[in-house]
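Report on one structure; see the data block that follows.
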Amino acid sequence: MTGATDTAPGAVLTRLAATGATGALHGRVGALYLADGAVVHAESPAVPDVGWRLTAGGRLSAQEWEEAVETGGPDYRAGCFLVERGRLSRGELELCHLSALFDAAYFVLFPLDRSQQAPDRFLKEARHWFGPVRPVPVSVLQREVSRRRALLELAWPRPEVDVAPVVPASGAGAGGAGCDEPTCGRRAVLAAADGVRTPLQIARALGRSAFATLLDVRRLAAAGLVRTPEAGVPAPGGPTPRAADPAVPEISLLYRIRDALEAL
Amino acid sequence: MTGIDGCLAEAMTIPGARGASLVDWSSGLALGAAGCSPEAGTGRDHETTAAEVAELARLAFESGAFTAAAGPRPGPGPVEDMIVTAQDSYHLIRFVETSFDSSVFLYLWLDRTEANLAVALFRLKDITARLVPA
């Protein structure tokens, strides 16, 4: 297995795991939350979070999600609250949360913007309002993100497609509408490629894993179904992928500030 | 209601079960595993098996041959199960349907001399339906 070296992302993370730390490893690209040395939550502005995924396809209404954040959040157990209220099955909660956790962790440890660093600041005892669902050992997480990076490289070794608007090659695209259905696979990605959205914006529109969308775009590019921009040429004035994500990150930020104050 | 561990523990009670895992096929990530991996003796484990089986599952799930004949019913995809019969074993894949975007299947490795294919398929369907109720 390649990739797990001294320079692997999150050398800090390895140390935190070894000491059984609890808190948040955070930076500009997002945060990883640990409890007793295992990763219990990850957030990145690049990926659709659990709430977005559950509401985008209509699994939960916005009201149901907000109720969980407002009622379960202050006790750091919004996730379990959803199960207790019968909004989700335990299985749904675990599948959705794990998928979102690995998705966010990838972009925290390997930011798309190569000028950004993986986080190295640690806020002791900080906890996330969603609450632990299924803790992931740090070693498992690190192996997985390295494997994912290799998968992207293997699919199509041209990272230019990651950040450029996805332009279907002539005759390949469908374009635009109907992205609110829970569809899977690269067909959905191709259908949502309107020549303006970047892969991360498509992931958001579909309420879908950002990594899986990136991988689909690389595979589509390799198959000649999506255009690969010329290396070194900046993408034509597309909006930045950081689309407005209403309310939820702000609440998350408020909780984090409160945690920081309490930890003083 | 069962979570991932409960689902895997139940899968391991299916006659002939040697190993089970819940796998995300878009990435090849094992979300959970129980029992043995078919590749355990070779120094490989559930993670490697998950990545390999996921590749097969993804190809089937996205294949035009398997999906084109299906109607326009909304949902993640028309492929439900995959069965691989090998000399001494069966390998079953049951796709888990969710009403949010996901790409998960339950993988079961069975000893062929002890397993009953029909029973195993029926049980898998029941187990995944309880993991994610319709």
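First to last, the protein sequences are chains A and B. Using our numbering, the first residue of the first sequence is number -14, and each one after it goes up by one. Using our numbering, the first residue of the second sequence is number 109, and each one after it goes up by one. Using N, Cα and C, we set each Cβ at its ideal position, and we do this for glycine too. Here the structure is a predicted model, which means the values were calculated and not measured.
Counterpart residues of residue i in DSSP-defined beta bridges
i: residue 192 of chain B; result: B:199
i: residue 140 of chain B; result: B:130
i: residue 125 of chain B; result: B:218
i: residue 11 of chain A; result: A:16 and A:106
i: residue 122 of chain A; result: A:23
i: residue 30 of chain A; result: For residue 30 of chain A, which the question treats as bridged, DSSP gives no partner whatsoever.
i: residue 92 of chain A; result: Bridge partners of residue 92 of chain A: none, in fact.
i: residue 212 of chain B; result: B:132 and B:204
i: residue 153 of chain A; result: A:211
Nearest to residue i (by Cα), restricted to the options the options
i: residue 1 of chain A; options: A:106, A:36, A:99 and A:155; result: A:106
i: residue 213 of chain B; options: B:147, B:235, B:171 and B:173; result: B:235
i: residue 155 of chain B; options: B:211, B:137 and B:117; result: B:137
i: residue 94 of chain A; options: A:215, A:136 and A:17; result: A:17
i: residue 50 of chain A; options: A:135, A:30, A:29 and A:73; result: A:73
i: residue 149 of chain A; options: A:132, A:131 and A:199; result: A:199
i: residue 87 of chain A; options: A:208, A:113, A:201 and A:197; result: A:197
i: residue 34 of chain A; options: A:192, A:-4, A:203 and A:131; result: A:192
i: residue 132 of chain B; options: A:129, A:210 and A:184; result: A:129
i: residue 83 of chain A; options: A:120, A:187 and A:154; result: A:120
i: residue 96 of chain A; options: A:202, A:5, A:113 and A:185; result: A:185
i: residue 140 of chain A; options: A:127, A:123 and A:202; result: A:202
i: residue 85 of chain A; options: A:57, A:11 and A:36; result: A:36
i: residue 188 of chain A; options: A:151, A:207, A:209 and A:208; result: A:151
i: residue 43 of chain A; options: A:99, A:209, A:190 and A:13; result: A:190
i: residue 180 of chain A; options: A:68, A:155 and A:98; result: A:155
i: residue 91 of chain A; options: A:22, A:41 and A:132; result: A:132
i: residue 211 of chain B; options: A:171, A:207, A:183 and A:-1; result: A:171
i: residue 38 of chain A; options: A:81, A:71 and A:54; result: A:81
i: residue 203 of chain B; options: B:191, B:197 and B:173; result: B:191
i: residue 182 of chain A; options: A:207, A:209, A:153 and A:194; result: A:153
i: residue 147 of chain B; options: B:197, B:242 and B:233; result: B:197
i: residue 168 of chain B; options: B:120, B:193, B:134 and B:153; result: B:134
i: residue 221 of chain B; options: B:170, B:128 and B:195; result: B:195
i: residue 114 of chain A; options: A:100, A:89, A:58 and A:-2; result: A:58
i: residue 4 of chain A; options: A:100, A:122 and A:48; result: A:122
i: residue 207 of chain A; options: A:142, A:176 and A:55; result: A:142
Cβ distance (whole Å) where residue i is taken to contact residue j below 8 Å
i: residue 27 of chain A; j: residue 8 of chain A; result: Their Cβ separation, rounded to whole angstroms, is 14 Å, which puts residue 27 of chain A and residue 8 of chain A out of contact at 8 Å.
i: residue 214 of chain A; j: residue 110 of chain A; result: With 8 Å as the limit, residue 214 of chain A and residue 110 of chain A do not qualify as a contact, their Cβ atoms being about 45 Å apart.
i: residue 205 of chain A; j: residue 174 of chain A; result: 7 Å
i: residue 115 of chain B; j: residue 239 of chain B; result: 5 Å
i: residue 126 of chain A; j: residue 211 of chain A; result: Rounded, the Cβ-Cβ distance is 29 Å, inconsistent with contact.
i: residue 20 of chain A; j: residue 117 of chain A; result: 6 Å
i: residue 250 of chain A; j: residue 103 of chain A; result: This structure gives no information on residue 250 of chain A, because the portion of chain A shown stretches from -14 to 249.
i: residue 175 of chain B; j: residue 187 of chain B; result: 7 Å
i: residue 229 of chain B; j: residue 200 of chain B; result: 7 Å
i: residue 135 of chain A; j: residue 32 of chain A; result: Between residue 32 of chain A and residue 135 of chain A the Cβ distance is about 19 Å, and since that is not below 8 Å, they are no contact.
i: residue 89 of chain A; j: residue 29 of chain A; result: 4 Å
i: residue 129 of chain B; j: residue 158 of chain B; result: 6 Å
Any chain D beta carbon closer than 8 Å to residue i
i: residue 97 of chain A; result: Although the question refers to chain D, the structure presented lacks it and instead comprises the protein chains A and B.
Chain A residues whose Cβ lies nearer than 7 Å to that of residue i
i: residue 111 of chain B; result: 75, 76 and 79
i: residue 137 of chain B; result: 87 and 129
i: residue 241 of chain B; result: 74
Partner residues on chain A for residue i, Cβ-Cβ distance less than 8 Å
i: residue 115 of chain B; result: 76
i: residue 145 of chain B; result: None at all; the shortest Cβ gap to chain A is about 15 Å.
Where residue i meets chain B, residues with beta-carbon distance less than 9 Å
i: residue 194 of chain A; result: 132, 134, 135, 209, 210 and 211
i: residue 119 of chain A; result: 111, 112, 113, 139 and 140
i: residue 17 of chain A; result: Going along chain B, no residue has its Cβ under 9 Å from residue 17 of chain A, so there is no contact; the nearest lies around 17 Å.
i: residue 291 of chain A; result: The structure shown does not extend to residue 291 of chain A, since chain A is modelled only from -14 through 249, so no value can be given for it.
i: residue 20 of chain A; result: Within chain B, no residue comes near residue 20 of chain A; the closest Cβ sits about 18 Å away, beyond 9 Å.
i: residue 23 of chain A; result: The contacting residues do not exist; residue 23 of chain A stays about 14 Å from chain B at best.
i: residue 176 of chain A; result: Those within 9 Å of residue 176 of chain A in chain B number zero; the least Cβ separation is about 13 Å.
Neighbour list for residue i in chain B, Cβ cutoff strictly below 8 Å
i: residue 42 of chain A; result: 207, 208 and 209
i: residue 191 of chain A; result: 209
i: residue 200 of chain A; result: 134 and 135
Partner residues on chain B for residue i, Cβ-Cβ distance less than 7 Å
i: residue 90 of chain A; result: By Cβ distance, chain B contributes nothing, its closest Cβ being about 11 Å from residue 90 of chain A, past 7 Å.
i: residue 38 of chain A; result: 208 and 209
i: residue 84 of chain A; result: 132 and 210
i: residue 103 of chain A; result: What residue 103 of chain A touches in chain B: nothing, since even the nearest Cβ is about 19 Å away.
i: residue 133 of chain A; result: 135
Contact list for residue i against chain A, beta-carbon separation under 9 Å
i: residue 187 of chain B; result: Those within 9 Å of residue 187 of chain B in chain A number zero; the least Cβ separation is about 10 Å.
Worksheet entry | Touching by the beta-carbon criterion (3+ pairs, under 8 Å), the stretch 222 to 233 of chain B and the stretch 143 to 162 of chain B | no
Discussion item. Assess contact between the stretch 48 to 64 of chain A and the stretch 115 to 135 of chain B, defined as three or more Cβ pairs (one per stretch) separated by less than 8 Å. Is contact present?
Written reply: no
Worksheet entry | the stretch 200 to 219 of chain B touching the stretch 75 to 90 of chain A, judged by at least three CB pairs closer than 8 Å | yes
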